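Student: Chains as they are written, first to last, in the numbering used here: chain A, 69 to 205; chain B, 69 to 205. C-beta atoms are modelled at their ideal positions from N, C-alpha and C, and glycine is treated no differently. Model, not experiment: these values are computed from the prediction.
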DNA sequence: CTCTAAGTGTTATATTATTACATATGTAAT
DNA sequence: ATTACATATGTAATAATATAACACTTAGAG
C-alpha cells in the first residue's frame, strides 16, 4: 500500500504570515492590537491590515489565540482545547489581562447554564478585577 | 443647621439627547449600532456621531443600556441594578440577543468567582447559543 | 502533473470611535 | 437674581478598527 491515506485532518502547519503573527503574540504574552501587530511586523514583510486580520482570523479559528472583544485585542491562548470557550480577567486599573485556565471554571459554567436552561455552543466571559499589584498600590 | 444638605445624589433626569437615544433603544428592544442610531435620529436633530456616543456613554454609565462588545451594539437594559454586571445570549445563527435576567445567575457567578479566588468588580458574559426558532428550522 | 482549496499582496473603502474647542445649560450657593 | 461650576451641546476634523474586491500564488491530494 503506497500511501497511508493520512488525511487524518492533517496537522496543518501554519503559513508564514500566520506563523509570524503567532510568534509575536507568543513572545509578548499580553493582548496586542491588530495595528500594533502590523507595525511590529512591517520588517517581516507585513504591509497591510488585511494580512494581519487574515492571520488573526485563522489563528482564532484554530484556537491558538483569542480575541478580547472589549479591548479589540488578541492574546495567545494559555490553555488547550478552548477554541470556543474563553474567560479572562481584565484589571480595571492597569488593563492587564489574564486568561482563566481553571478547568473547574468550565464545569461551573456548564452547570450554571444548564441550571438556566441555556443551550450554549460557546461562551466568552470577561471579568473585570483589581489585580494584585494594583490593589496594593 | 441652615440647609438639609440634600445632595442625595439627585434623581438625575435625562437630557434631550440621552432621552431620544434611550427611547429609540427602548422601542426597538434589540441591539442597535451607534451609526444606525445616528441615522434614525437625524430627524430628531442628532447630527454627529459624537452626540450619539456621548448619550450612549452616559446611558451605559447609568445602567439604562448595555454595550454588547462582540457586536459593537447597544441594547436597552432588561433588568434593574445591573449597571456593571451583564450577561447575554447571542444566537449564532440569527444574531438575536437576549439579556439574561435571572438573579440566580448573578449568585452563581458570585460563587464561581469566589471559588476561583477572583475579586471581581464587574463582569460581562456572552453566551453563544442556538435560539429556539433557529433550532427548529 | 493537474486540480483545487487556501493563502497572498495590494488598493480602496467601510465602520466604529475620539480629540479638540467654543458655546450653552442646569443646579446650588450666595 | 447672580455667580460659579459641572455637565451637556454642536461641529469639524481625524483616529482607530475592519472588510470588500480582485488578481495572483502556493501547497497538497489524487
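Any residues in the segment 179-197 of chain A with a beta carbon nearer than 9 Å to a beta carbon of chain B? Which ones, in chain order?
Tutor: So the list reads 179, 180, 181, 183, 184, 186, 187, 188, 189, 190, 191, 192, 193, 194, 195, 196 and 197, given in the order they occur along the chain.
Student: Could one say the Cβ of residue 176/B lies closer than 8 Å to chain A's Cβ atoms, at least one of them?
Tutor: Cβ-Cβ to chain A under 8 Å: yes for residue 176/B.
Student: Rounded to whole angstroms, what is the Cα-Cα separation between residue 116/A and residue 169/B?
Tutor: Going from the Cα of residue 116/A to the Cα of residue 169/B covers about 43 Å.
Student: Let's see if you can read the secondary structure: which residues bound the beta strand (DSSP E) around residue 143/B?
Tutor: Residue 143/B -> beta strand (DSSP E) spans 141-144.
Student: Quick check on the DSSP output: what are the complete beta strand (DSSP E) runs of length 3 or more inside the segment 148-194 of chain A, in order along the chain?
Tutor: The qualifying runs are 154-159 and 165-167.
Student: Using a 10 Å radius around the Cβ and a threshold of 16 neighbouring Cβ atoms, would you call residue 204/B buried or exposed?
Tutor: Exposed is the call here.
Student: Count the C-beta pairs between the segment 188-199 of chain A and the segment 177-194 of chain B that are closer than 8 Å, then say yes if the count reaches three, no if not.
Tutor: Yes, they touch.
Student: What's the call for residue 83/B, buried or exposed, on a 16-neighbour Cβ count within 10 Å?
Tutor: Residue 83/B comes out exposed.
Student: Among 85/A, 98/A and 87/A, which residue has its Cα nearest to the Cα of residue 143/A?
Tutor: Of the listed residues, the one whose Cα sits closest to residue 143/A is 98/A.
Student: Taking the beta carbon of residue 94/B as the centre, do at least 16 other beta carbons fall within 10 Å, making it buried, or is it exposed?
Tutor: It counts as exposed.
Student: Within the same chain, show all residues whose beta-carbon is closer than 8 Å to that of residue 140/B, passing over the 5 residues directly before and after it, in chain order.
Tutor: Taken in chain order, the residues that qualify are 101 and 102.
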